[in-house]
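Residue numbers (the numbering used here), protein chains in the order written: chain B, 47 to 382; chain D, 47 to 382.
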């Protein structure tokens with residue numbers, strides 16, 4: 047194999063206003079960097095596109111620092127090691143980590159996790175066996191605390207996190223209702239075992255929730271915020287738990303919208319709790335092992351939406367925010 | 047004593063739009079009703095004015111049914127029994143209960159609680175030893191779960207609930223910051239042991255919180271909602287607990303305002319939980335005993351703002367929503 051010399055990268059050019067767009071990035075090429083001591087050079091194969099990326103582009107206090115102007119856009123990715131100065135990692139190993147939106151990344155070996163493409167396709171390590179799956183697992187089980195027989199509602203249900211939330215809730219004996227946009231996504235949800243699916247683009251969500259959740263909503267896993275959060279607040283059971291995981295409907299809005307009926311928390315003695323998956327890092331391995339087991343038995347299915355071509359990155363990211371994907375959205379950068 | 051014949055009452059005439067006003071009520075007089083079996087006739091001495099009353103006037107689902115049009119306005123009150131058909135209650139006993147905005151009330155004996163005016167002045171049984179005190183006690187301790195050394199912030203701090211929240215938090219070893227409107231209220235808060243007071247009418251609440259809560263806010267007991275809730279959300283410590291007790295700033299608004307920055311719950315892994323005091327009814331006696339002990343030792347001070355005259359009810363209720371009271375607002379209906 048010829049050593050690569052050129053690295054294409056997407057760098058953050060400016061802080062987006064409203065919907066993220068191509069001109070918010072610079073698409074550049076530069077020489078491939080060489081790894082130093084303890085570092086490896088990774089050829090990136092798949093890049094994870096996540097709603098959280100929109101937040102990382104904004105100035106201001108959050109759970110991690112924003113991406114700096116001129117820096118390579120932050121992203122999770124999976125790739126193959128082509129140079130290694132870390133004795134624990136071999137050339138040819140596959141690894142995941144925060145590698146950025148680019149073709150080649152230099153990273154410290156200890157910040158990477160080895161994955162095995164014989165156990166699961168590589169994109170799955172960015173989805174169900176990656177951060178979205180961990181988010182679903184810990185957000186639902188540790189924060190939502192569903193009990194068998196309870197009703198669990200998840201929004202963004204056909205997305206990377208939502209599809210896993212719903213299936214874990216089913217495994218735990220809950221009634222599960224997914225909210226997603228469009229008939230195809232709703233069909234997908236029913237095909238993976240959701241008890242009901244609500245198409246927010248064509249249905250009155252509040253009325254549909256009343257019909258589909260006759261005993262109210264015990265756990266709501268919120269990925270979207272906005273009107274859907276308000277609709278679910280009107281249908282809470284007593285002592286319900288809302289898991290605040292994301293608010294994708296709001297990330298590209300100039301002004302975030304808060305739930306005007308949050309006092310339903312008082313009426314129903316319910317709670318709304320924020321979670322960030324990084325807090326559970328010490329337990330990722332435990333969760334991944336359990337989820338891999340569920341995948342092996344067919345209880346947990348997973349779907350990825352793979353778009354080819356690094357250069358499509360800004361458009362593919364827009365697709366995410368416009369709800370164009372079913373399952374985990376992944377950018378394929380190279381074949382192998 | 048001559049038996050009373052005429053009962054003045056305030057009945058709900060219509061559902062208020064915006065700020066409650068005199069024309070939302072009918073001030074009527076009718077013959078005093080006679081108690082049936084197991085019932086007593088109470089001469090009302092003091093009526094409790096509470097922010098929750100505004101919600102009871104609205105149509106729609108809440109934690110108790112709304113007051114019906116034409117019904118006597120619901121209110122807690124304390125009075126003296128003048129006729130008793132309940133063997134457990136004697137004429138001359140003082141009782142508290144939901145007796146309504148009127149001079150005389152017929153009530154089932156078992157729905158009343160006897161109180162002793164030798165242990166505390168009667169208005170205190172509507173405040174610190176009544177529902178507001180119970181709300182403060184259980185909301186802070188059971189929902190907020192403050193730990194010694196943590197920072198507790200309370201809004202509506204000079205009100206019936208707020209003054210008690212802050213003092214209990216001090217008893218539990220917390221740093222306590224109260225938010226209230228005006229210099230007099232802030233002076234009052236400092237006089238009863240608050241570490242700091244923020245005057246939201248004359249200070250930038252967010253900047254003041256930054257100064258007064260250098261380690262962030264661990265517990266926020268919210269009585270007001272609106273801008274102040276948003277300001278506190280920007281200053282949360284990690285794993286903070288927000289107790290949603292009320293939203294007095296919003297009750298008279300046509301459209302409730304939700305906290306647009308509720309995603310700070312995610313950034314700080316915090317929770318926001320609603321509470322209603324009625325859930326703790328089985329533990330009122332336990333709480334009242336502990337609070338009476340704190341009052342006896344001077345650790346818990348209490349202040350009531352007493353306005354005389356049943357006929358002032360609509361204006362006095364407006365005073366509550368305009369923040370005119372310091373301490374528990376009570377309407378005095380009769381001397382004894």
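C-beta: ideal position from N, C-alpha, C; glycine also.
Chain-ordered neighbours of residue 325 of chain B on chain D, where CB pairs are closer than 9 Å: Neighbours of residue 325 of chain B on chain D, chain order: 315.
Any beta strand (DSSP E) of 3 or more consecutive residues that is wholly inside the segment 208-290 of chain B: Correct list: 221-226, 242-245, 263-268, 282-290.
Distance, residue 52 of chain D Cα to residue 119 of chain D Cα: Rounded to whole angstroms, the gap between the alpha carbons of residue 119 of chain D and residue 52 of chain D is 17 Å.
Near the ligand MG: residue 259 of chain D beta-carbon under 7 Å from a heavy atom: Inclusion of the ligand MG in the displayed structure is not the case, the ligand content being empty and no account of it being possible.
Span separating the alpha-carbon of residue 157 of chain B from that of residue 143 of chain B: Roughly 7 Å between the two C-alpha positions.
Residues of the segment 52-82 of chain B with Cβ closer than 8 Å to any Cβ of chain D, in chain order: From the segment 52-82 of chain B, no residue has a Cβ closer than 8 Å to chain D.
For residue 171 of chain B, the three-state DSSP class (helix, strand or coil): Secondary structure at residue 171 of chain B: helix, using DSSP grouped into helix, strand and coil.
Nearest to residue 265 of chain B (by Cα), restricted to the options B:271, B:282, B:274, B:123: Residue 265 of chain B has its Cα closest to that of B:282, out of B:271, B:282, B:274, B:123.
Residue-chain proximity (residue 293 of chain D, chain B), Cβ-Cβ < 8 Å: Flagged as an interface residue toward chain B: residue 293 of chain D, by a C-beta distance shorter than 8 Å.
Of the listed residues D:123, D:221, D:206, nearest to residue 260 of chain D (C-alpha basis): Residue D:221 is the option with its Cα nearest to residue 260 of chain D.
Whether residue 375 of chain D touches residue 95 of chain D by CB criterion (8 Å): Contact: yes.
Closest residue to residue 349 of chain D among D:167, D:97, D:54, D:321 (Cα-Cα distance): Distance from the Cα of residue 349 of chain D is smallest, within the candidate group D:167, D:97, D:54, D:321, for D:167.
Chain-ordered residues of the segment 137-169 of chain B with a beta carbon less than 8 Å from chain D: Going along the segment 137-169 of chain B in chain order, one finds no residue with a Cβ nearer than 8 Å to chain D.
Beta carbon proximity, residue 303 of chain B to chain D, threshold 8 Å: For residue 303 of chain B, the answer is yes, since a Cβ of chain D falls inside 8 Å of its Cβ.
Closest residue to residue 100 of chain B among B:244, B:178, B:295, B:78 (Cα-Cα distance): Residue 100 of chain B has its Cα closest to that of B:295, out of B:244, B:178, B:295, B:78.
Beta carbon proximity, residue 375 of chain B to chain D, threshold 8 Å: It does not: the Cβ of residue 375 of chain B has no partner Cβ on chain D nearer than 8 Å.
Closer than 8 Å to chain D by CB, residue 181 of chain B: Chain D, which has no Cβ nearer than 8 Å to the Cβ of residue 181 of chain B, makes this no.
Any beta strand (DSSP E) of 3 or more consecutive residues that is wholly inside the segment 66-104 of chain B: If you keep only unbroken beta strand (DSSP E) runs of at least 3 residues inside the segment 66-104 of chain B, you get 71-77, 85-94.
Endpoints, the beta strand (DSSP E) within which residue 150 of chain B is located: In the DSSP assignment, residue 150 of chain B falls within the unbroken beta strand (DSSP E) covering 150-154.
Residue 354 of chain B, DSSP secondary structure in three states: Secondary structure at residue 354 of chain B: strand, using DSSP grouped into helix, strand and coil.
Supposed close pair residue 420 of chain D, residue 86 of chain D - CB separation, criterion 8 Å: A query on residue 420 of chain D cannot be resolved here, the shown segment of chain D reaching from 47 to 382 and no further.
8 Å Cβ cutoff, residue 308 of chain D in contact with chain B: Yes, because at least one Cβ of chain B sits closer than 8 Å to the Cβ of residue 308 of chain D.
Residue burial classification, residue 209 of chain D (beta-carbon count within 10 angstroms, cutoff 16): Residue 209 of chain D comes out buried.
Reduced DSSP category for residue 136 of chain B - H, G, I as helix; E, B as strand; rest coil: Of the three classes helix, strand and coil, the one that applies to residue 136 of chain B here is coil, per DSSP.
Close beta carbons around residue 185 of chain B, own chain, < 8 Å, minus the five adjacent residues each side: The beta carbon of residue 185 of chain B sits closer than 8 Å to the beta carbons of 207, 211, 267, 289, 291, 321, 323 from its chain, once the five residues preceding and following it are set aside; these are given in chain order.
Residue 177 of chain D classed as buried or exposed, judged by whether at least 16 other C-beta atoms fall within 10 angstroms: Looking at its Cβ environment, which holds 16 or more other Cβ atoms inside 10 Å, residue 177 of chain D is buried.
CB of residue 147 of chain B within 8 Å of CB of residue 93 of chain B, strictly: Yes, the Cβ-Cβ distance between residue 147 of chain B and residue 93 of chain B is below 8 Å.
Sub-8 Å separation of residue 307 of chain D and residue 276 of chain D beta-carbons: Taking 8 Å as the Cβ cut-off, residue 307 of chain D and residue 276 of chain D qualify as a contacting pair.
When D:169, D:245, D:183 are compared against residue 91 of chain D, the one with the closest alpha-carbon: Shortest Cα-Cα distance from residue 91 of chain D to any of D:169, D:245, D:183 involves D:169.
Closest by C-alpha distance to residue 196 of chain D, when choosing among D:181, D:180, D:182, D:218: The candidate whose alpha carbon is nearest that of residue 196 of chain D is D:218.
Proximity below 8 Å, CB of residue 318 of chain D to CB of residue 180 of chain B: Going by C-beta atoms, residue 318 of chain D is not nearer than 8 Å to residue 180 of chain B.
Presumed contact (8 Å Cβ cut-off) between residue 239 of chain D and residue 304 of chain B, rounded CB distance: Residue 304 of chain B and residue 239 of chain D do not touch by the CB rule: their CB atoms are close to 33 Å apart, not below 8 Å.
Paired residues, beta bridge with residue 126 of chain B - DSSP: Its beta-bridge partners are B:89, B:140.
Where residue 197 of chain B falls: helix, strand or coil (DSSP): Correct three-state label for residue 197 of chain B: strand.
Residue 137 of chain B classed as buried or exposed, judged by whether at least 16 other C-beta atoms fall within 10 angstroms: Burial call: exposed.
Residue range of the alpha helix (DSSP H) that includes residue 312 of chain D: Counting along the chain, the unbroken alpha helix (DSSP H) around residue 312 of chain D starts and ends at 310-313.
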